[in-house]
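**Student:** Residue numbers (the UniProt record's numbering): 1 to 369. Ideal Cβ placement from N, Cα and C applies to all residues, glycine included. Structure provided below as structure tokens; questions to follow.
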């Protein structure tokens, strides 16, 4: 197992949590301080040294800053934005569990993160002042629910960020899940490998590997600059230990909403042996409209990626239906029905498909025999 102590350089500073600290570091303008204090009174702030080092304070459009540095725009909520935009509560049979799809559940172990993203769809539920972890009773009730539902094949650890737990606690959680016969896969959603990569220690990796379940890690990153040497080393340590990784990315205005930026990110993932998985359309969380693109923009970008990068680099562009109805592919769609007509313009029973290739050329696919 790879020893991360020899491959990660720890920044000799602390996580920034207050607007005044951001101003003092030159990461936010002093004139914005009153507005940022208002934002901080509602939504958590945390910028780790690893992330702070990536921000260019001289670039007002810096794509890393847009993800992590609060903005007065967060004080403006749209009418269609909701505290629980994807309907977790509607699908939560017991505290800590979201059972939206038959064969898998979300298991929300913690409500803290290494960093707090400005577009987070759970921003009303995470951070200081919220419950840090599930109580012992709630944890046991959640396990009992999983045990009682034999259709649950996969448990997705989320929160918050489950890799904020200690290796000892994670080891206990993994052992508890491995004892449930019908649970075969444990997936962990995390930003820690990019935001605080030194946490991916030998002890952490050992805690995640346990006989009886396959462990996967889904890395959240939105810009190729987040794949620092330290982040790449952390991911390599996980993968070299036999823990496969996939990615999830949010399409964000001013961060990655162009084909070139997403191409660099998706190729970066694959170069790190991480399979691109999801590209999420931004959820309708309060105060995030300044970061959301249109669905049409996402489809245009995916159409451009289809012709310019390897299939290994293609994520699924998805949108979560508000209200708890799950996520669906958001396109683009390359096929449409082309009706056939006889010489006298009578519609034929035969149906062909109209297919558009990555160059924009149209082709007709013959009907079934």
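List in chain order: all unbroken beta strand (DSSP E) runs of 3+ residues lying wholly within the region 268-331.
**Tutor:** If we require 3 residues or more, the beta strand (DSSP E) runs fully inside the region 268-331 come out as 274-280, 316-320 and 327-329.
**Student:** Quick one, are the C-beta atoms of residue 182 and residue 135 less than 8 Å apart?
**Tutor:** No, the Cβ-Cβ distance between residue 182 and residue 135 is not below 8 Å.
**Student:** Which residue's Cα is closest to the Cα of residue 267: 21, 146, 221 and 287?
**Tutor:** Nearest C-alpha to residue 267: 221.
**Student:** By DSSP, does residue 196 sit in helix, in strand, or in coil?
**Tutor:** Residue 196: coil per DSSP, three-state reduction.
**Student:** Specify, as a first and last residue, the run of the beta strand (DSSP E) that residue 365 falls within.
**Tutor:** It spans 362-365 - the beta strand (DSSP E) in which residue 365 sits, taken as one unbroken run.
**Student:** To test your reading of the DSSP string, which unbroken beta strand (DSSP E) runs of 3 or more residues are found completely within the region 16-66?
**Tutor:** Taking only runs of at least 3 residues, no beta strand (DSSP E) segment lies wholly in the region 16-66.
**Student:** Can you find the residues in the same chain that come closer than 6 Å, C-beta to C-beta, to residue 253, ignoring five residues on each side of it along the sequence?
**Tutor:** Excluding residues within five positions, the ones whose Cβ falls inside 6 Å are 291 and 293.
**Student:** Where does residue 12 fall in DSSP's three states?
**Tutor:** With a pLDDT of 36 at residue 12, under the threshold of 50, the predicted position of this residue should be treated as unreliable, and no value is reported.
**Student:** Does the Cβ-Cβ distance between residue 305 and residue 314 come in under 8 Å?
**Tutor:** Closer than 8 Å, so yes.
**Student:** To which residues of the same chain is residue 247 closer than 6 Å at the C-beta, ignoring the five residues directly before and after it?
**Tutor:** Contacts found: 219, 269, 274, 276 and 277.
**Student:** In chain order, what residues of the same chain have a beta carbon less than 7 Å from the beta carbon of residue 93, not counting five sequence neighbours either side?
**Tutor:** Same-chain partners within the cutoff: 99 and 145.
**Student:** So what does DSSP say about residue 252, is it helix, strand or coil?
**Tutor:** Residue 252: coil per DSSP, three-state reduction.
**Student:** Spatial neighbours of residue 255 within its chain, please: C-beta separation below 7 Å, excluding the five flanking residues on both sides.
**Tutor:** Within the same chain, residue 255 has close Cβ partners 63, 66, 67, 222 and 223.
**Student:** Going by the CB atoms, is the gap between residue 184 and residue 153 shorter than 8 Å?
**Tutor:** Yes, Cβ-Cβ distance for residue 153 and residue 184 is below 8 Å.
**Student:** Starting from the Cα of residue 207, find the closest Cα among 162, 226 and 180 and give me that residue.
**Tutor:** Among 162, 226 and 180, the Cα nearest to that of residue 207 belongs to 162.
**Student:** Taking DSSP as the reference, what is the three-state secondary structure of residue 203?
**Tutor:** Helix at residue 203.
**Student:** Work out the CA separation of residue 123 and residue 167 for me, nearest whole Å.
**Tutor:** So the alpha carbons of these two residues sit roughly 25 Å apart.
**Student:** Could you check whether the region 81-92 touches the region 13-22, counting it as contact only if at least three pairs of C-beta atoms, one from each stretch, sit closer than 8 Å?
**Tutor:** The answer is no - the region 13-22 does not touch the region 81-92, with fewer than three Cβ pairs under 8 Å.
**Student:** Who pairs with residue 402 in a beta bridge, going by DSSP?
**Tutor:** Nothing can be reported for residue 402: it is not among the residues displayed for the chain, which extend from 1 to 369.
**Student:** Give me whichever residues DSSP pairs with residue 247 in a beta bridge.
**Tutor:** Paired residues: 219 and 276.
**Student:** How far does the alpha helix (DSSP H) with residue 232 in it reach, from first residue to last?
**Tutor:** 229-240 is the span of the alpha helix (DSSP H), which, as asked, contains residue 232.
**Student:** With 16 as the cutoff for other CB atoms within 10 Å, does residue 140 come out buried or exposed?
**Tutor:** Label assigned to residue 140: exposed.
**Student:** Would you tell me roughly how many angstroms separate the C-alpha atoms of residue 71 and residue 283, rounded to the nearest one?
**Tutor:** Straight-line Cα distance between these residues: approximately 18 Å.
**Student:** Would residue 27 pass as a contact of residue 287 if the rule is Cβ separation under 8 Å?
**Tutor:** Not a contact, by the Cβ cut-off of 8 Å.
**Student:** Do residue 110 and residue 165 have their C-beta atoms closer together than 8 Å?
**Tutor:** Result yes, Cβ atoms of residue 110 and residue 165 sit closer than 8 Å.
**Student:** Report, in whole angstroms, the separation of the C-beta atoms of residue 257 and residue 297, which I expect to be a contact under 8 Å.
**Tutor:** The Cβ separation is near 6 Å, so the contact holds.
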